[in-house]
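Residue numbers (this note's numbering), protein chains in the order written: chain S, 1 to 244; chain D, 245 to 515.
Even glycine gets a Cβ: it sits at the ideal position worked out from N, Cα and C.
Notes follow once the structure below has been shown.
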């Protein structure tokens, strides 16, 4: 008698990145808009089919002004995909702020968090300040990631000095390093980075994902529990092994 | 310098109300003026444990919505004169608490008492958030078992984001109180070890309260265990915890986890 075991289809969760222009109007807005108009006149079609993100931090407009500004921009044929720098609740869902730089530890279902400035949230979680100017490719978290928290950083590597609790998750575009115990879920290489790895000092994870390929707690060798572990992809297979 | 302390846990049935009453009474016995505030609107219990259920006239909601003055709602304890209770409403629900009214009540309580101890309802919804909202410190009540520990971890995350202190960029000082600790079960390896709990939650230990029928007996009598039977093991553990809250350094008398040869053999097998 033979038993046919259906082979499991692997479900890949991938991220994709593309370039969006960021327009940051400066006060006075009318002058800035005139400059934009003259630019559009000279280079018609420059913004055609290009996603544009509007950063209104410098203008700090009111709700009415925000609507006015977004309408003014969209009426010029620009394709707005998101608006940053204003209260997210003022915007229609399609223009809600994108997970920008840096995306700090947030809570699920937390409306309050959206209203807080990234700076305020950063200091609260003791995240390292990004260097002024240059792009940020790593995020350092000095406190434990608590159950129910979700730390999302699509731009690069995440380093957690504390532990990642059961029921929490860390999502990184690059690699994930946990200096404490990893008891929650870790998603590395979500931006399509198959070279990303996950390291932890004490392994007790619920789920590991690298570049969309995953393993759950049931798939792990019981001998790995509590060990220093490295996870990486080897020819599209997620391998988890003791790391010295 | 008055202090607002929230007693919280996430999970229900771990001993928040018992601990609120016991710690409140112990702090009052140390000469502090103390009010215990029941935030479990709709499912109030603290009045029962304090033995004041027949004396409730006005409650927290009445005061927060300006239907009564604070002094009309406060109930003085019959045994200790510097211990007071502000009961919750039993007929309303948690949405009846408005943020502005609550902030005013907390301010008045701060002006009047050394310690304001808030008994949080279970869960992570509005009621629990309201209870922790104005806290300076938090006592996180945990049983040594996985579900309780995970819920406590979740609550700690909320304390770091939803409290006024956290929103100001400050920090709510946290204390871990392990309750219902059973020596025999710990010896058999049926419970999480205290070290494991501390390792997961990373919060300093305030005390370990042994599981005891004294706690149940005191509750049924409507007395905080620290008053009902001050010499019992749980009462002494609570008194020590209260002194640590006051800043005294008291040696931690952890009920030690017994291991005999047989339990060691079984523990080895279970692992």
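Please list, in chain order, all residues of the same chain as residue i whose beta carbon is under 6 Å from its beta carbon, the five residues on each side excluded.
i: residue 282 of chain D; result: 288, 290, 331, 332, 363
i: residue 349 of chain D; result: 307, 308
i: residue 272 of chain D; result: 278, 324, 326, 327
i: residue 250 of chain D; result: 362, 364, 375, 376, 379, 382
i: residue 75 of chain S; result: none
i: residue 189 of chain S; result: 196, 210, 211
i: residue 338 of chain D; result: 285, 370, 371
Report yes if the C-beta distance between residue i and residue j is below 7 Å; otherwise report no.
i: residue 173 of chain S; j: residue 154 of chain S; result: yes
i: residue 299 of chain S; j: residue 78 of chain S; result: The requested residue 299 of chain S is not part of the displayed model; chain S covers only 1 to 244.
i: residue 58 of chain S; j: residue 35 of chain S; result: no
i: residue 398 of chain D; j: residue 180 of chain S; result: no
i: residue 268 of chain D; j: residue 361 of chain D; result: yes
i: residue 477 of chain D; j: residue 469 of chain D; result: no
i: residue 329 of chain D; j: residue 319 of chain D; result: yes
i: residue 265 of chain D; j: residue 294 of chain D; result: yes
i: residue 393 of chain D; j: residue 447 of chain D; result: no
i: residue 255 of chain D; j: residue 395 of chain D; result: yes
i: residue 419 of chain D; j: residue 450 of chain D; result: yes
i: residue 96 of chain S; j: residue 88 of chain S; result: yes
i: residue 164 of chain S; j: residue 139 of chain S; result: no
i: residue 55 of chain S; j: residue 86 of chain S; result: no
i: residue 255 of chain S; j: residue 207 of chain S; result: Because residue 255 of chain S is not part of the residues shown, which for chain S are 1 to 244, the question remains open.
i: residue 354 of chain D; j: residue 483 of chain D; result: no
i: residue 200 of chain S; j: residue 229 of chain S; result: yes
From which residue to which residue does the beta strand (DSSP E) around residue i run?
i: residue 453 of chain D; result: 449-454
i: residue 303 of chain D; result: It is not in any beta strand (DSSP E) - residue 303 of chain D carries neither H nor E in the DSSP assignment.
i: residue 386 of chain D; result: 381-386
i: residue 149 of chain S; result: 149-153
i: residue 84 of chain S; result: 79-84
i: residue 180 of chain S; result: 176-182
i: residue 416 of chain D; result: Segment: none, residue 416 of chain D is in no beta strand (DSSP E) and carries neither H nor E.
i: residue 201 of chain S; result: 198-203
i: residue 216 of chain S; result: 213-216
When we look at the beta-carbon of residue i and count the other beta-carbons within 10 Å, is it buried (16 or more) or exposed?
i: residue 261 of chain D; result: buried
i: residue 232 of chain S; result: buried
i: residue 252 of chain D; result: buried
i: residue 38 of chain S; result: exposed
i: residue 168 of chain S; result: buried
i: residue 344 of chain D; result: exposed
i: residue 275 of chain D; result: exposed
i: residue 341 of chain D; result: buried
i: residue 263 of chain D; result: buried
i: residue 315 of chain D; result: exposed
i: residue 42 of chain S; result: exposed
i: residue 298 of chain D; result: exposed
i: residue 236 of chain S; result: exposed
i: residue 311 of chain D; result: exposed
i: residue 335 of chain D; result: exposed
i: residue 462 of chain D; result: buried
i: residue 347 of chain D; result: exposed
i: residue 49 of chain S; result: exposed
i: residue 405 of chain D; result: buried
The alpha helix (DSSP H) with residue i in it runs from where to where?
i: residue 481 of chain D; result: 477-489
i: residue 170 of chain S; result: Per DSSP, residue 170 of chain S belongs to no alpha helix (DSSP H); it is in the beta strand (DSSP E), 169-172.
i: residue 29 of chain S; result: 29-42
i: residue 235 of chain S; result: Run containing residue 235 of chain S: none; DSSP gives neither H nor E here.
i: residue 228 of chain S; result: Segment: none, residue 228 of chain S is in no alpha helix (DSSP H) and carries neither H nor E.
i: residue 377 of chain D; result: 370-377
i: residue 401 of chain D; result: 390-403
i: residue 26 of chain S; result: That residue, residue 26 of chain S, is in no alpha helix (DSSP H); it is neither H nor E in DSSP.
i: residue 348 of chain D; result: 343-356
i: residue 428 of chain D; result: 427-432
i: residue 438 of chain D; result: 438-445
i: residue 463 of chain D; result: 457-465
i: residue 72 of chain S; result: 63-75
i: residue 472 of chain D; result: 469-472
Going along the chain, which residues of its own chain have a beta-carbon closer than 8 Å to the beta-carbon of residue i, five neighbours each way excluded?
i: residue 72 of chain S; result: 33
i: residue 445 of chain D; result: 384, 386, 393, 396, 397, 400, 420
i: residue 465 of chain D; result: 295, 472
Can you find the residues in the same chain that come closer than 7 Å, C-beta to C-beta, to residue i, ignoring five residues on each side of it along the sequence?
i: residue 227 of chain S; result: 203, 242
i: residue 387 of chain D; result: 258, 423, 424
i: residue 70 of chain S; result: 54, 80, 83, 95
i: residue 390 of chain D; result: 436
i: residue 20 of chain S; result: 51, 52, 53, 81
- Can you check the stretch 273-325 of chain D for any alpha helix (DSSP H) of at least 4 residues that lies completely inside it and give the ranges in chain order? 290-293, 304-308, 314-317
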